[in-house]
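Using this note's numbering, you'd call the opening residue of the first sequence number 1 and step up by one each time. Positions of the beta carbon are idealized from the N, C-alpha and C atoms, including for glycine. Owing to the predicted nature of the structure, the values given are computational and were not obtained by experimental measurement.
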Amino acid sequence: MSADTPRETAETTADAQSDGPNYKHTLFLPKTEFPMRAGLPKREPEWLARWEDLKIYHRLRAKEGRKPFVLHDGPPYANGHLHIGHALNKIMKDMVVRSAQMLGHDSRYVPGWDCHGLPIEWKIEEQYREKGKNKDEVPVNDLRAECRRFAEHWIDVQRDEFKRLGCIGNWEDPYLTMSFEAEAVIAEEFMKFVMNGSLYRGSKPVMWSVVEKTALAEAEVEYHDHTSHTIWVKFPVIGGNPISSSEGDLRNFGEITDANVIIWTTTPWTIPQNRAVCFHPGIAYGLYKVTEAPEENWAKVGDTYLLADKLVEEVFTAARVEGYEKLRAVTPEELEAITCAHPFRGLDGAGGEWDYDVPMFPGEHVTDDAGTGFVHTAPSHGADDYNIGVRHNLPMTHNVLEDGSFRAELPFFGGLFTFDHKGREGKANPAVIDKLAETGALIARGKLTHSYPHSWRSKAPLIFRNTPQWFVAIDKPLGDGMDEYGTTIRERALNSIDKLGAWYPKTGRNRLHAMIEQRPDWVLSRQRAWGVPLTCFVRDLGNGEAEILRDEAVNARIAEAFRTDGADAWFADGAKERFLAGRNDADDWEMVTDILDVWFDSGSTHAFTLRDRDDGVWPADVYLEGTDQHRGWFHSSMLQSCGTRGRAPYKAVVTHGFALDENGQKMSKSLGNITAPQKVIEQYGADILRLWVALSDYSVDLRIGPEILKSTADSYRRLRNTLRYMLGALGDWDQGSSVDQDHMPELERWVLHRLAVLDGEVRKGYAEYDFQGVFQKLFTFATSHLSAFYFDIRKDALYCDAGDSMRRRAALTVMDALFHRLTTWLAPILAFTMEDVWLSRYPGDDSSVHLEDFPETPSEWRDEALAAKWSSIRAARRVVNGALEIARRDKVIGASLEAAPVLYIGDPDMAEAVRSVDMAELCITSALVLAAHEPPAEAFRLDDPAIGVVFERATGTKCQRCWKVLDDVGNHAHEGVCRRCDQALAGLE
RNA sequence: AUGGAUGUAGCUCAUUGGGUAGAGCAACGGACUGAUACUCCGUGGGUAGAGGGUUCGAGUCCCUCCUUCCAAACCA
Numbered sequence: 001m002s003a004d005t006p007r008e009t010a011e012t013t014a015d016a017q018s019d020g021p022n023y024k025h026t027l028f029l030p031k032t033e034f035p036m037r038a039g040l041p042k043r044e045p046e047w048l049a050r051w052e053d054l055k056i057y058h059r060l061r062a063k064e065g066r067k068p069f070v071l072h073d074g075p076p077y078a079n080g081h082l083h084i085g086h087a088l089n090k091i092m093k094d095m096v097v098r099s100a101q102m103l104g105h106d107s108r109y110v111p112g113w114d115c116h117g118l119p120i121e122w123k124i125e126e127q128y129r130e131k132g133k134n135k136d137e138v139p140v141n142d143l144r145a146e147c148r149r150f151a152e153h154w155i156d157v158q159r160d161e162f163k164r165l166g167c168i169g170n171w172e173d174p175y176l177t178m179s180f181e182a183e184a185v186i187a188e189e190f191m192k193f194v195m196n197g198s199l200y201r202g203s204k205p206v207m208w209s210v211v212e213k214t215a216l217a218e219a220e221v222e223y224h225d226h227t228s229h230t231i232w233v234k235f236p237v238i239g240g241n242p243i244s245s246s247e248g249d250l251r252n253f254g255e256i257t258d259a260n261v262i263i264w265t266t267t268p269w270t271i272p273q274n275r276a277v278c279f280h281p282g283i284a285y286g287l288y289k290v291t292e293a294p295e296e297n298w299a300k301v302g303d304t305y306l307l308a309d310k311l312v313e314e315v316f317t318a319a320r321v322e323g324y325e326k327l328r329a330v331t332p333e334e335l336e337a338i339t340c341a342h343p344f345r346g347l348d349g350a351g352g353e354w355d356y357d358v359p360m361f362p363g364e365h366v367t368d369d370a371g372t373g374f375v376h377t378a379p380s381h382g383a384d385d386y387n388i389g390v391r392h393n394l395p396m397t398h399n400v401l402e403d404g405s406f407r408a409e410l411p412f413f414g415g416l417f418t419f420d421h422k423g424r425e426g427k428a429n430p431a432v433i434d435k436l437a438e439t440g441a442l443i444a445r446g447k448l449t450h451s452y453p454h455s456w457r458s459k460a461p462l463i464f465r466n467t468p469q470w471f472v473a474i475d476k477p478l479g480d481g482m483d484e485y486g487t488t489i490r491e492r493a494l495n496s497i498d499k500l501g502a503w504y505p506k507t508g509r510n511r512l513h514a515m516i517e518q519r520p521d522w523v524l525s526r527q528r529a530w531g532v533p534l535t536c537f538v539r540d541l542g543n544g545e546a547e548i549l550r551d552e553a554v555n556a557r558i559a560e561a562f563r564t565d566g567a568d569a570w571f572a573d574g575a576k577e578r579f580l581a582g583r584n585d586a587d588d589w590e591m592v593t594d595i596l597d598v599w600f601d602s603g604s605t606h607a608f609t610l611r612d613r614d615d616g617v618w619p620a621d622v623y624l625e626g627t628d629q630h631r632g633w634f635h636s637s638m639l640q641s642c643g644t645r646g647r648a649p650y651k652a653v654v655t656h657g658f659a660l661d662e663n664g665q666k667m668s669k670s671l672g673n674i675t676a677p678q679k680v681i682e683q684y685g686a687d688i689l690r691l692w693v694a695l696s697d698y699s700v701d702l703r704i705g706p707e708i709l710k711s712t713a714d715s716y717r718r719l720r721n722t723l724r725y726m727l728g729a730l731g732d733w734d735q736g737s738s739v740d741q742d743h744m745p746e747l748e749r750w751v752l753h754r755l756a757v758l759d760g761e762v763r764k765g766y767a768e769y770d771f772q773g774v775f776q777k778l779f780t781f782a783t784s785h786l787s788a789f790y791f792d793i794r795k796d797a798l799y800c801d802a803g804d805s806m807r808r809r810a811a812l813t814v815m816d817a818l819f820h821r822l823t824t825w826l827a828p829i830l831a832f833t834m835e836d837v838w839l840s841r842y843p844g845d846d847s848s849v850h851l852e853d854f855p856e857t858p859s860e861w862r863d864e865a866l867a868a869k870w871s872s873i874r875a876a877r878r879v880v881n882g883a884l885e886i887a888r889r890d891k892v893i894g895a896s897l898e899a900a901p902v903l904y905i906g907d908p909d910m911a912e913a914v915r916s917v918d919m920a921e922l923c924i925t926s927a928l929v930l931a932a933h934e935p936p937a938e939a940f941r942l943d944d945p946a947i948g949v950v951f952e953r954a955t956g957t958k959c960q961r962c963w964k965v966l967d968d969v970g971n972h973a974h975e976g977v978c979r980r981c982d983q984a985l986a987g988l989e
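What follows is the structure, encoded as structure tokens:
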């Protein structure tokens, strides 16, 4: 069938029962098999299978002469089904990958998974517990093997779920942090920190779970309400240091000499570890005397206490004091000068354990919101306490063992538990409280329910405990010569952040910068099993310091062993001998058995993926993750890379918000407001999910739910129909009959202009990751400019003109240009539907829209003067439409072809513009009279008073073929038609 | 608690350096029946989170407060 033959259909004869002749079969009506209803849930899997067969990803790699573009995938954790956040993230990545490819790059995407870590290890331990197995009796490498199998299972599940979303990538060969090669590289990267001297063993209180017997990272801690003991404790003042020029003995302090500093704490068990008391120089303190109290009260009449003024009332109420007086104010200088005794000082049976002096220090962390204004300070059991201890050289205590009990030799309290192995409170608190009461140091006690740290996994309360841990010093000059961005990790990171200059959205820059500015040294060690070990050896130097073995040959043996056997090699029998072979001091060295923080694993993906793989390029063009990754992957990758490469491993960072429900609340099982991606795919199809992403503003949190998905599907349907119409119009158009731009009507040239403008906007939008902007522009164009304007006007020419009319051929030429651009421009977003559209026009085993690039769009298509002119023509058209609407409402006409309005235009330039085109054609009326002067009073107007329309009915007879109402209908060879249709019919014979 | 974000029509978003708050979708009404479970035309709809301030004039600049989210398991 040629382009010049109208398609005959079976119904035409059945239709031909009206009065006159029926010419429907002589029209070029749209014709397409493309279904109006997409049926995405059923059909998407077919396209996926097709892409698999076509090996699309690898075909694209084979295109030569393209500049590589690498989006480096942040690895999801392999322990469950995908949720909507994963879907959002991977769909956005897919839009980046596909658009970069179609913009002309060689766009590579290697998906990855994070495999090590506590969540998986815990799952396996749970399985052990269910079987009554004790995990401590299971060989480490057996446990690790089970963890590996667990991760492998979920990788397979998630891979299928990601592919179902339509994501293109190297799914057969992803990167895994647990592959032997990755484990070897992670160890090598770690050993760089060993060799450059930034790794050190420190003693630091960390959040410690006595249940899991491990230190937890901040990321592994959650806060829940917990009821704690509260105690108010006397620290007797026993002396003072000289203040400035005064004589320097106790007499200077007068009554303070006999007073007690009162502290308040919610952790009585830390009292035995007290080494100081802190106050805030900005808080007003006073000396108070108890004047009235019950007989047996702990706080006795005559006692004198140092307290913050603001908290006096509260303290005395708690202490059941009935009367008190303020003796005088106390200055910060005085507070700093005094010295206290530990409340357990000199007790019988204590063996002098607590006979040291307790100094007073100013501290910014002290507040007068609660307590007494004085903070009891145990350097081994709190972050602020630790910092004060470091600053003032206080000794660290080691009284609390890893199971949460006091060391056996501690007087009075040895063997008592803070929390026991099930996370329940032990006897340490009551014992300390009893002892304080017994010695008269306690003036009040109570209970307090407050937000308290708990283990994210066991939900057991945590303690701060002083433990040996391995740290990376982030403010130490590395001396590795990679100093372009700074000499320390922190300097390099902060400079990288600014010199990168590409943050989408820009707020991401500030967030990461603030976090890295404030963060302490990186705690790398975890006392767990499922991970990459800290591959180093230490020996104690006797003074508490540790020496780390720095031996390139040993390091090389470790890396080689990991490459062949995986990190299990570290935990295998004979490992130490294997790695230290040839060293005659092997007995001096001890293997570290801690494993690395999993953030070090994922922070090293740039090394074993971007640097080492054949398809990798270092640094990445872009990282793209949720906002939580400022604390996570963006952060750890930055630190790791600044320590090993001297700069960030990425050139740009895109962050997106979190998916919330329709009311902006976070999704949770208890609220029942979860939108599961699998459900959306089942009900609507993955393209609807992808469209939801494109319609949302990812720079803030996104909302999703039934109503939003429904409206997303509505938008989809509208767009789909516009594309369907193009397919129908192009039906069997022959490319050979195309028309040059110069010979096209202005309407067509206006469309080409719009395309040229859009071409720039689409390319810029994709390059800046502005999917919402791209889609909105394309959607508005397709619906407002094409469907409601251009297509509507051109239906007449397309259906009724002679097949070879210039006007018709020009329209189809433009339609073809539209088709190629819209399908490719939308392909990164609606990956399935655009393939559907493309294949409908270009079927074939090797055909796919995803093998195409965005078409080159000639710059000559741009014509700003024409655009300005047509903008005023469209303004005039809106007024005509308005006038027709009135006539319609009054039931004067139905179809606009029944009208022949008079259009008044006062502005001469605008009148000239309108005169130069066929305004009746543009308004889809049978005729239109232009009057180049101000409209009469009765004319219909919109905003512009110089444009008016007076409605007139079209005179003449309705052409039976094109339905225009014209005077010449009936005067031609074919019955009941106009001149144009008569000639078109003649051409068909 | 603290730090970082956020709030404009029922929904998704514009409003870039203060100057009469705009689109699309939805809703409602109408037309067409040659895009037909489509298409076209039209209508209504807003205390811009709340309060205060600066200004001739504030969604926009400043302050206070509030919502929700992230930093903090399941987390992108």
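Per the C-alpha coordinates, the member of W154, W750, K710 and H606 positioned closest to E860 is W750.
Between the beta-carbon of G803 and that of F28 there is about 7 Å, and that keeps the pair under the 8 Å contact cut.
Contact check for L747 against Y799 fails: the beta carbons are separated by 9 Å or more. The three-state secondary structure of L723, taken from DSSP, is helix. Below 8 Å, too few C-beta pairs join the region 113-131 and the region 36-50 to call them touching: fewer than three. Three or more Cβ pairs closer than 8 Å define a contact, and the region 329-339 falls short of that threshold against the region 292-305.
Of the candidates R108, A319, N466 and K459, the residue whose Cα lies closest to the Cα of A383 is N466. For G894, the secondary structure class from DSSP, reduced to helix, strand or coil, is coil. Taking all protein chains in view, the Cβ of D114 is crowded by 16 or more other Cβ atoms within 10 Å, so the residue is classified as buried. The three-state secondary structure of Y23, taken from DSSP, is coil.
In this structure, R611 sits away from V110, with a CB-CB distance that is not shorter than 9 Å.
Secondary structure note for L778: its alpha helix (DSSP H) is the uninterrupted segment F771 to T780.
Non-local beta-carbon contacts of A473 in its own chain, meaning distances under 7 Å to residues more than five positions away in sequence, involve S198, Y200 and D521 in chain order.
The shortest CA-to-CA distance from E126 to any of S107, L103, G104 and F150 is the one to F150. Here the region 564-583 makes no contact with the region 200-211; the two share fewer than three CB pairs at distances below 8 Å. Take the alpha-carbon of A984 and the one of K869: they are about 32 Å apart. Residue pairing by DSSP puts D357 in a beta bridge opposite A341.
The DSSP-derived three-state label of C278 is strand.
Nearest Cα to L727 within the set G705, R841, V622 and A827: R841.
Restricting attention to alpha helix (DSSP H) runs no shorter than 4 residues, the region 565-606 encloses them at 568-571, 575-580 and 598-603, ordered along the chain.
The beta strand (DSSP E) runs lying completely inside the region 942-984 and spanning 3 residues or more are 947-950, given in chain order. Here the C-alpha atom of V598 lies approximately 44 Å from the C-alpha atom of L822. The way I'd put it, the region 509-516 doesn't touch the region 155-170; fewer than three beta-carbon pairs between them come closer than 8 Å. The C-beta separation of Y698 from M92 comes to about 7 Å, placing the pair in contact by the 8 Å criterion. Rounded to whole angstroms, the gap between the alpha carbons of R59 and N170 is 12 Å.
Beta-bridge partners assigned by DSSP to I708: none are found. Burial check for A797: the Cβ neighbour count within 10 Å reaches 16 or more, so the residue is buried.
In terms of CA proximity to H224, P461 leads the group H785, T439, P706 and P461. Residue nearest to A954 within the set A887, S916 and I489 is A887 (criterion: CA-CA distance). Contact between the region 769-782 and the region 711-729 is present, with at least three C-beta pairs closer than 8 Å. The alpha-carbon separation between T722 and F775 amounts to approximately 15 Å. In the three-state scheme derived from DSSP, where H, G and I count as helix and E and B as strand, F854 is classed as coil.
Beta-bridge partners assigned by DSSP to G446: T230.
Put simply, the region 648-659 does not touch the region 130-142. Fewer than three CB pairs are less than 8 Å apart. Secondary structure at A620: strand, using DSSP grouped into helix, strand and coil.
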